[in-house]
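Worksheet for the structure shown next.
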Amino acid sequence: MVGTYLNLIVQGALLGGLYAIFALGLSLSVGVMRFVNIAHGDFIVLMSFLLLVLSSVLKLNVLLVLPLVIPLAFAAGYVLQRLLLQRVIGDNALLPLLVTFGLSIIVQNGLLQGVGADTRTLSAGALDVASVQIGGLSIGVLPLLTFAVAVALAFGLDWLLYRSRLGAHIRAVTLDVAAADLIGLSSVRVYAIAMGIVGITVAIAACFMGLRMNFDPTSGPSRLLIAFEVVVLGGLGSLRGSLLGGIILGIAQTIGGQIDGAWQTLAGHIVFLTIFLLRPQGLLPRY
Amino acid sequence: MRKTGAVKRRSVLKGMAAAAATAPMPLGAAFAAPRTLKIGLVAPQTGPISLFSEHIPFVLEQVKRATGGNLDIGGTKRPFEIVVKDSQSNPNRAAEVASELILRDKIDIMCAFATPETVNPVSDQCELNGVPCVSNDAPLEPWFFGRHGDPKKGFEWTYNYFFSADAVIRAMLALWNKVPTNKKLGVLWPNDDDGNAFSKVMPPPIKEAGFSIIDPGRFDLPANNFDAQIAAFKAAGAEGVFTVTPAAEFTVFWNACAQQGYKPKIVTPGKVGEFPPGVYPYGDRGINISIEVWWSRHHPFSSGMTGQSSAELADEYEKASGRQASMGLGFRHALFETAFDTLRRAKDLDKRESIRDALRDMDYKSIVGPVNFKKGPFPNTSLTPVVGGQWRKSAKWPLELVIVDNTLAPMVPLGGQPEAMS
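Here the protein sequences come in this chain order: A and F. Following the working numbering, the numbering of the first sequence begins with 1 at its first residue and continues without gaps. Following the working numbering, the numbering of the second sequence begins with 1 at its first residue and continues without gaps.
Following this line, the structure appears as structure tokens:
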């Protein structure tokens with residue numbers, strides 16, 4: 001019995017790593033750039049399809065295609081911010097919400113038109129089923145890798161945002177756009193770079209999501225919901241908080257599933273609401 | 001006789017009216033061409049269960065070749081047209097396109113197949129609008145009881161032939177019993193029509209056969225995480241696994257099983273193991289996956305449309321497509337066989353009631369076995385034979401389905417004996 005629950009907690013925490021990767025990009029845009037990207041989940045799904053297509057065209061393992069897609073994703077994020085989102089961010093919080101909602105609809109229907117309604121998964125070859133024994137538990141190599149990437153990303157982005165020069169620029173622009181512009185920072189450029197970084201996290205999320213879960217053109221909103229819960233759980237703008245939030249949500253879902261299959265999703269929501277009521281500022285708030 | 005005459009006169013009058021309305025049309029044409037019969041087909045061409053539609057283009061081509069677009073009805077040639085609509089694997093969409101076929105295309109008979117998710121909403125639309133509907137490839141219980149059928153009354157317009165959940169479970173129990181295990185069976189039954197029906201129908205016969213069931217509960221689709229279920233199966237020491245999930249879910253489950261070191265001796269993945277493309281991706285991990293078999297090249301039946309035997313039909317498909325023939329092929333072929341048989345026997349093709357009566361009175365030998373809606377376990381249904389099979393390595397294909405148990409249908413020859421998974 002103890003072994004079963006230990007196993008569930010470990011598997012849940014590994015799943016949480018994936019949830020944290022979903023959330024990191026959203027955490028950046030919500031906490032740092034102060035707008036909610038409703039299309040975040042759809043962007044992840046879009047990238048998964050891109051990876052799927054590229055890996056079948058190039059006949060390469062998805063994990064090898066990912067490094068090729070990352071610069072592309074950065075550029076896409078940069079351009080999207082510069083040409084579209086930049087025009088709507090500002091005092092009116094409703095505008096970016098509406099614009100990204102529109103993007104979400106465009107991406108979903110564009111994908112339906114382009115690739116059909118089929119459910120897909122990505123494959124990393126033999127790695128899909130590889131497993132290691134740790135202390136009597138069988139743990140998949142892929143979930144382990146996902147978790148390691150989540151930790152590295154959370155701490156890496158945290159360092160970037162709060163220890164590096166670029167991070168200082170981003171935070172300066174977040175605090176006061178006018179003042180930042182006054183001291184010679186180009187707020188437009190800084191925002192675009194930040195969105196480019198979000199693009200990178202989206203590509204990484206897309207890769208690991210596709211390897212672990214199945215996806216179809218309409219699975220974006222459910223990914224957004226997970227990401228949103230994780231961001232709020234962890235505390236707005238806190239990247240390490242997102243990691244913690246993801247792990248908690250993953251464990252809650254897995255243990256809920258143990259009680260009854262129908263409780264899987266519900267247990268995640270209940271834990272989210274409970275923590276939100278007790279600690280509305282999140283677990284590791286930055287602001 | 002008088003009836004036929006009346007209708008002919010009416011259609012002629014209609015034809016003349018049409019000719020008058022479109023003035024330049026020569027009057028002769030209206031006399032020469034009888035009304036084109038319309039057959040509606042709702043198929044999941046895209047989406048999670050699109051695997052079911054794999055054979056449709058081939059079978060439509062076959063139909064075209066065998067009939068030339070004309071049905072020989074009572075000595076006269078009647079042109080017909082098949083209107084195909086995509087359900088996108090979505091029950092709401094299936095109902096929507098079915099009502100389009102009925103109201104806009106004004107079809108004479110509806111055909112549907114591929115799980116209760118497609119067949120039930122289509123059947124409901126037909127029942128509602130009074131259009132005869134013949135369907136297959138939806139298990140009889142979820143089709144009949146899922147639509148709140150009353151065994152005393154049955155339905156008026158809709159008819160379905162396939163296996164029943166009860167027959168499947170008896171066929172699979174016969175197979176499972178021949179593999180030495182501890183008789184503990186883990187089940188993955190989702191919260192959909194099939195999952196809910198199976199969870200009601202299956203446990204009594206499974207327990208009766210001496211198996212215990214580890215059921216972690218209904219889960220919503222799409223599902224992406226089976227850690228809890230795998231943990232439950234491992235904790236209970238389940239040596240058999242029986243799932244009824246779409247292929248994408250089973251892949252997530254089966255990969256996670258390997259990652260977490262769970263190796264059952266029997267695996268029966270319903271909705272996945274029936275299809276070669278469903279099992280190919282697992283490679284050697286697909287060997288000895290066991291599944292119910294409702295049609296194969298070994299089934300001793302033949303087609304009333306082309307005269308082919310099961311093996312000949314399978315060979316033609318494999319030659320034309322370069323893909324392995326699978327169970328669905330027989331039922332796609334049979335669906336048109338039975339629709340044509342209905343139309344041929346209808347006394348008055350301009351009366352839906354008359355087409356329905358022909359459907360109701362069907363007694364037909366199709367490529368999937370005899371179809372007779374008066375003999376089914378429930379009204380409006382007909383049970384076709386089911387046996388048990390396992391996927392094995394073969395020279396021609398990565399994996400090939402071998403019949404390993406024929407307890408329920410001894411006329412189907414055996415190709416091997418049941419084995420445990422390695």
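The beta-carbon is built from N, C-alpha and C at its ideal position, and this holds for glycine as well. Remember, predicted model here, so these are calculated numbers, not experimental data.
Select from the region 229-251 of chain F all residues with a C-beta closer than 9 Å to any C-beta belonging to chain A, and list them in chain order. 229, 230, 231, 232, 234, 235, 246, 247, 248, 249, 251
Which residues of chain F have a Cβ atom closer than 8 Å to the Cβ of residue 143 of chain A, listed in chain order? 259
Helix, strand or coil: which one does DSSP assign to residue 262 of chain F? coil
Would you say the region 224-233 of chain F touches the region 250-270 of chain F, given that touching needs at least three Cβ pairs under 8 Å? yes
Taking the beta carbon of residue 229 of chain A as the centre, do at least 16 other beta carbons fall within 10 Å, making it buried, or is it exposed? buried
Taking the alpha-carbon of residue 34 of chain F as reference, which of F:81, F:95, F:194 has the nearest alpha-carbon? F:81
Bridge partners - residue 159 of chain F, DSSP secondary structure assignment: F:134
Could you confirm whether any beta carbon from chain A is found closer than 7 Å to the beta carbon of residue 253 of chain F? no
Taking only three categories from DSSP, how would you classify residue 4 of chain A? helix
With three or more beta-carbon pairs closer than 8 Å as the criterion, would you say the region 174-183 of chain F touches the region 138-151 of chain F? no
I'd like to know whether the C-beta of residue 113 of chain A is nearer than 7 Å to at least one C-beta of chain F. no
Just verifying my parser: in three-state terms, what is the DSSP assignment at residue 80 of chain F? strand
Do residue 41 of chain A and residue 289 of chain A count as a contact pair if the criterion is CB distance below 7 Å? There is simply no residue 289 of chain A to check, as chain A begins at 1 and stops at 287 in what is shown.
Please find out if some non-hydrogen atom of the ligand FMN comes closer than 6 Å to the beta-carbon of residue 110 of chain F. Absence of the ligand FMN is noted for the structure shown, with no ligands found whatsoever.
Since residue 233 of chain A and residue 20 of chain A should fall inside the 8 Å C-beta cutoff, what is the C-beta to C-beta distance between them, to a whole number of angstroms? Residue 233 of chain A to residue 20 of chain A, Cβ: 10 Å. No contact.
Can you pull the chain A neighbours of residue 218 of chain F, defined as C-beta to C-beta under 9 Å? 260, 261, 262
Using only alpha-carbon positions, find the residue among F:340, F:297, F:321, F:304 that is nearest to residue 473 of chain F. This structure cannot settle anything about residue 473 of chain F, because the visible part of chain F is limited to 1 through 422.
Taking any Cβ of chain A, which residues in the region 37-57 of chain F have a Cβ under 8 Å from it, in chain order? 46, 47, 48, 50
Is the distance from the Cβ of residue 256 of chain F to the Cβ of residue 226 of chain F below 7 Å? yes
Report yes if the C-beta distance between residue 397 of chain F and residue 289 of chain F is below 7 Å; otherwise report no. no
Going by C-alpha to C-alpha distance, which of A:248, A:225, A:218, A:263 sits closest to residue 36 of chain A? A:225
In terms of DSSP beta bridges, what is residue 108 of chain A paired with? Note: residue 108 of chain A sits in no beta bridge, so no partner.
Would you list the one or two residues that DSSP bridges to residue 381 of chain F? F:160
Which whole-angstrom value is the C-beta distance of residue 203 of chain A and residue 47 of chain A, which I expect to be below 8 Å? 5 Å
Would you be able to state if there are at least three C-beta pairs under 8 Å between the region 106-120 of chain A and the region 87-97 of chain A? no
Check the Cβ-Cβ distances between residue 284 of chain F and every residue of chain C, and say whether any is below 7 Å. In summary, chain C is missing from the structure at hand, where the protein chains are A and F.
I'd like the list of long-range same chain contacts for residue 87 of chain F, defined as Cβ closer than 7 Å, with 5 residues on each side in sequence excluded. 42, 43, 44, 93, 94, 97, 118
DSSP beta-bridge partners for residue 243 of chain F? F:188, F:269
Using the Cα positions of residue 264 of chain A and residue 255 of chain A, report the straight-line distance between them to the nearest angstrom. 7 Å
Take the Cβ of residue 274 of chain F as the centre, count every other Cβ of all protein chains shown within 10 Å, and call the residue buried at 16 or more, exposed below. buried
Hey, is the region 345-358 of chain F in contact with the region 315-330 of chain F, meaning 3+ C-beta pairs nearer than 8 Å? no
What does residue 256 of chain F touch in chain A if you count any residue whose Cβ is under 8 Å from its own? 140
Residue 139 of chain F versus residue 294 of chain F: straight-line alpha-carbon distance, rounded: 11 Å
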